Structures are given as C-alpha cells and as structure tokens.
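Peer 1: Take 1 as the starting number for the sequence shown in the numbering used here and just add one per residue.
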Amino acid sequence: PTLSTLCPTRFDESSVICLISRYPQAANLTDTFPSLTPNAVSTAHVVLAVATSRLLIDNADLRRRQLGVILFALRNVLDVLDGTIARESRRHHRLDTYEGFGYYYDGICDAVGIASLMFACVFYLLKLHGAHGAGASEDAVRLIGLSSPVKEKGEFEWTRNGGGPLTKRRIWVLAVCFGGQIIMSTVGWNTVMTGYHEVLEGEDRTPEQKAMALEVAKSWSMWMIAWCWRLANCNMLFDVVLVAIFLNKAIELFQCFQVIGYLVLGPLILLSEFHLAAVKDSMLGLAPHVQ
Numbered sequence: 001p002t003l004s005t006l007c008p009t010r011f012d013e014s015s016v017i018c019l020i021s022r023y024p025q026a027a028n029l030t031d032t033f034p035s036l037t038p039n040a041v042s043t044a045h046v047v048l049a050v051a052t053s054r055l056l057i058d059n060a061d062l063r064r065r066q067l068g069v070i071l072f073a074l075r076n077v078l079d080v081l082d083g084t085i086a087r088e089s090r091r092h093h094r095l096d097t098y099e100g101f102g103y104y105y106d107g108i109c110d111a112v113g114i115a116s117l118m119f120a121c122v123f124y125l126l127k128l129h130g131a132h133g134a135g136a137s138e139d140a141v142r143l144i145g146l147s148s149p150v151k152e153k154g155e156f157e158w159t160r161n162g163g164g165p166l167t168k169r170r171i172w173v174l175a176v177c178f179g180g181q182i183i184m185s186t187v188g189w190n191t192v193m194t195g196y197h198e199v200l201e202g203e204d205r206t207p208e209q210k211a212m213a214l215e216v217a218k219s220w221s222m223w224m225i226a227w228c229w230r231l232a233n234c235n236m237l238f239d240v241v242l243v244a245i246f247l248n249k250a251i252e253l254f255q256c257f258q259v260i261g262y263l264v265l266g267p268l269i270l271l272s273e274f275h276l277a278a279v280k281d282s283m284l285g286l287a288p289h290v291q
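(1) Figure out for me which residue from Arg-63, Gln-66 and Ala-111 has the closest Cα to the Cα of Asp-79.
(2) Would Leu-67 pass as a contact of Leu-55 if the rule is Cβ separation under 7 Å?
(3) Out of Gln-181, Trp-172 and Leu-271, state which residue places its alpha-carbon closest to the alpha-carbon of His-129.
(4) Rounding to the nearest angstrom, what Cα-Cα distance links Asn-235 and Lys-280 in this structure?
(5) State the DSSP-derived secondary structure class of Arg-160, mapped to helix, strand or coil.
(6) The alpha helix (DSSP H) spanning Ser-53 covers which residue range?
(7) Excluding the five sequence neighbours on either side, which residues of its own chain have a C-beta within less than 7 Å of the C-beta of Trp-175, listed in chain order?
(8) What is the C-beta distance between Val-69 and Ser-116, in whole angstroms, given that I count them as a contact (C-beta under 8 Å)?
(9) Cutting at 6 Å between CB atoms, please list the residues of its own chain near Ser-272, excluding the five before and the five after it.
(10) Should Asp-82 be labelled buried (16 or more other beta-carbon atoms within 10 Å of its own) or exposed?
(11) Do you know how far the Cα of Trp-220 is from the Cα of Glu-203?
(12) Using CA atoms only, rank isn't needed, just tell me which of Ser-282, Tyr-262 and Val-187 is closest to Arg-205.
(13) Per DSSP, what kind of secondary structure is Gln-258 in: helix, strand or coil?
(14) Quick one: using the 10 Å Cβ neighbour count with 16 as the cut-off for buried, is Ser-42 buried or exposed?
(15) Rounded to whole angstroms, how far is the Cβ of Gln-181 from the Cβ of Leu-237, which I believe are closer than 8 Å?
(16) For Val-216, count the other beta carbons within 10 Å of its own beta carbon; 16 or more makes it buried, fewer makes it exposed. Which is it?
(17) With DSSP collapsed to three states, give me the class of Asp-61.
(18) What is the rounded straight-line gap between the Cα of Val-150 and the Cα of Arg-63?
If you want it as structure tokens, here you go:
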C-alpha cells in the first residue's frame, strides 16, 4: 500500500476510477484495439486540452467557457484511462510505476494540459481587462466579482465592489502565484509518492518489512498525511480552477489563492518528508545485516 493507493488524486478519480479501472478489463480493450496505447491516450488528452483552451478565452459567452470546462473534464477522464490501460497492457495492476518512457511522457502531457488551462485563464482575464479597461487608466480599473453575465448577449457589467486595481501586471502576478503553487504541489507530491513507493513497495523486502509497511499504511499519521494531500495535490488545484471557471469566479479564485496555498503546502511537504524519513529509518532497522 502507498499514499497514492489510500488517496485518489482528484475528484473525477473518486467518482469514475472504479468504472474506468474495470472497463478495460471487461471490454478487453488492450487486445481488441492493439493501437490503443497509453501514449496514444495521453496524446489525445493533451490535444483535447490545447484545443479546448480556446473556448475558455471567450470573454463574451459564459456558456462557451462552461462547455470548455466540460471538455476539460473529459480530458481528465482520459488522463485516468491512460494509466489504467498501461497497467492492464502489462498485466501489472499496481497503481504507480515510477520509471519508463510512458511515465515521463504522461507527465509531460499533464504539464501541457495544465499550462493550457492556466494560459487560457490569463488570456481570458487580459481580454476582459482590455474590453472593460478601454478608455480608462489601468490604475482606475478595479478588481471586480465576475459573478454572472447581466446582459442577454453575454456581456459583463464592470462594477466596483472592492479589491485591488486589475492591471495587466496584477493579472500576471496572480497567475504566476497560482502557477507557482501548482508547481510546488506537483514537485512535493511526486517526491513524496516516489519515496513511499520505494519504501513500502520495494521488491527486496523481508516479511518483517512487509508487515511493518502494512502497519504504516494503517497508521493514523499516514491517513492524516493522505487526506491532507488529497486536498492539496496539484490535480485537486487543477479541478478547483475548472470549477471556478464554470461558476465564473476565476478572478476570485486567483485572488484568494495568491498566498494561502504556499502557507498550506510548505508545512505539508515538510511534515510528509519528516514522516517518510522516520518510516525509512524504521524499515532500515528491520533490514537483514550482512555479516
């Protein structure tokens, strides 16, 4: 058992991972469609992400952006499916394998998908700023709550309900701050996952070490760390962005998460590393000593 086994990495996995993990087996996809490789599915979801990002840039029609969110959700399903097909094709059903070209290719495709979403958000805000800031100085344009379209044609009303000035520079600062949290979460998550994978699922383990690995997985500290990462992993942040876009709250999200994410991720990464180091020391204490 590993942390990733105890903790699904995103909302859509919680709802569809059971169905997706069983469908390739029931439909015998890997034998029926030999060309349906994990890398092909990864390529498909990154192409879908890049193409769909154009819908999210539309600042005049909320429905088009909501359609883009739905298509991005489909991209997330394909992201779950490629790993499932990879494990099914090699008849190896452990949740993660931290080696091989496919693992890194999937990571690159995930990064491109997230980058597409982030740039779509930035360009949407820049277009919105240009549409409503024309004729007024940048310092006079105020950050607003874009709660809902107020005209039948999908145009937005630019009101003054508080916040800082929405200059182009501030838009980029908000995006960079949020993007930094995604990078920090990604690096922390992958480091912790790799560490637990090596310690708890190593091939050369004694029976005592296997028993201790099970005890670690059942411990309250492991469950606490697992639930914290369930709420703070990069894929969860990715889903939060999609929900914010669907509800037309992208600006509010970026403003809210400008700093708070770092205050959560920093202690969580340190706590995970300390816990992992303690587990490693305990496992090494049970290792057989070479005479």
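Cβ coordinates follow ideal geometry from the N, Cα and C atoms, glycine included. All values reported here derive from a predicted model rather than from experimental measurement.
Peer 2: Quick answer:
(1) Sequence index remark: in the sequence shown, residue 79 carries index 79 (1-based). Of the listed residues, the one whose Cα sits closest to Asp-79 is Ala-111.
(2) Within the sequence shown, numbered from 1, the residue matching residue 67 stands at position 67. Within the sequence shown, numbered from 1, the residue matching residue 55 stands at position 55. Contact: yes.
(3) Counting from 1 along the sequence shown, the entry for residue 129 is found at position 129. The shortest C-alpha separation from His-129 is found at Trp-172.
(4) Position 235 of the sequence shown, counted from the start, is the residue given in the question as residue 235. Position 280 of the sequence shown, counted from the start, is the residue given in the question as residue 280. Approximately 27 Å between the Cα atoms of the pair.
(5) The sequence position of residue 160 within the sequence shown is 160, counting from 1. For Arg-160, the predicted structure reports a pLDDT of 37, less than 50, and the residue's modelled location is therefore unreliable. A value from the coordinates is still provided. Three-state result, Arg-160: coil.
(6) For the purposes of this step, residue 53 is taken as the residue at position 53 of the sequence shown. It spans 38 to 56 - the alpha helix (DSSP H) in which Ser-53 sits, taken as one unbroken run.
(7) As a first step, residue 175 must be located in the sequence shown, where it is residue number 175. Looking at the sequence provided, one finds Ala at residue 175 rather than Trp. Scanning its chain for C-beta atoms nearer than 7 Å, with the 5 sequence neighbours on each side dropped, one finds around Ala-175 the residues Met-118, Cys-121, Val-122 and Phe-254, in chain order.
(8) Here the question's residue 69 lines up with position 69 in the sequence shown. Here the question's residue 116 lines up with position 116 in the sequence shown. That belief does not hold up - the Cβ atoms of Val-69 and Ser-116 are roughly 13 Å apart, past 8 Å.
(9) As a working mapping, residue 272 is identified with position 272 in the sequence shown. Val-192 and Ile-225, listed in sequence order.
(10) What you label residue 82 is simply residue 82 of the sequence shown in a count that begins at 1. By the neighbour-count criterion, in which 16 or more other beta carbons inside 10 Å mark a residue as buried, Asp-82 falls on the buried side.
(11) Position 203 of the sequence shown, counted from the start, is the residue given in the question as residue 203. Position 220 of the sequence shown, counted from the start, is the residue given in the question as residue 220. Looking at the two C-alpha atoms, the distance is approximately 25 Å.
(12) Walking along the sequence shown from the start, residue 205 turns up at place 205. If we check each option's Cα against that of Arg-205, Ser-282 comes out closest.
(13) Here residue 258 refers to the residue found at position 258 when the sequence shown is read from its first residue. Under the three-state reduction of DSSP output, Gln-258 falls in the coil class, being neither helix nor strand.
(14) Here the question's residue 42 lines up with position 42 in the sequence shown. Ser-42 sits buried, since 16 or more C-beta atoms from the chains shown fall within 10 Å of its C-beta.
(15) Stepping through the sequence shown from its first residue, residue 181 is reached at position 181. Stepping through the sequence shown from its first residue, residue 237 is reached at position 237. With 8 Å as the limit, Gln-181 and Leu-237 qualify as a contact, their Cβ atoms being about 7 Å apart.
(16) The residue labelled residue 216 in the question sits at position 216 within the sequence shown. Classification for Val-216: buried.
(17) If you number the sequence shown from 1, residue 61 lands on position 61. In this structure, Asp-61 counts as coil in the three-state DSSP scheme.
(18) Counting from 1 along the sequence shown, the entry for residue 150 is found at position 150. Counting from 1 along the sequence shown, the entry for residue 63 is found at position 63. Any reading at Val-150 needs caution, since the residue's pLDDT is 41, under 50, leaving its predicted position unreliable; the model's value is listed next. Spanning the alpha carbons of Val-150 and Arg-63 requires a straight line of approximately 13 Å.
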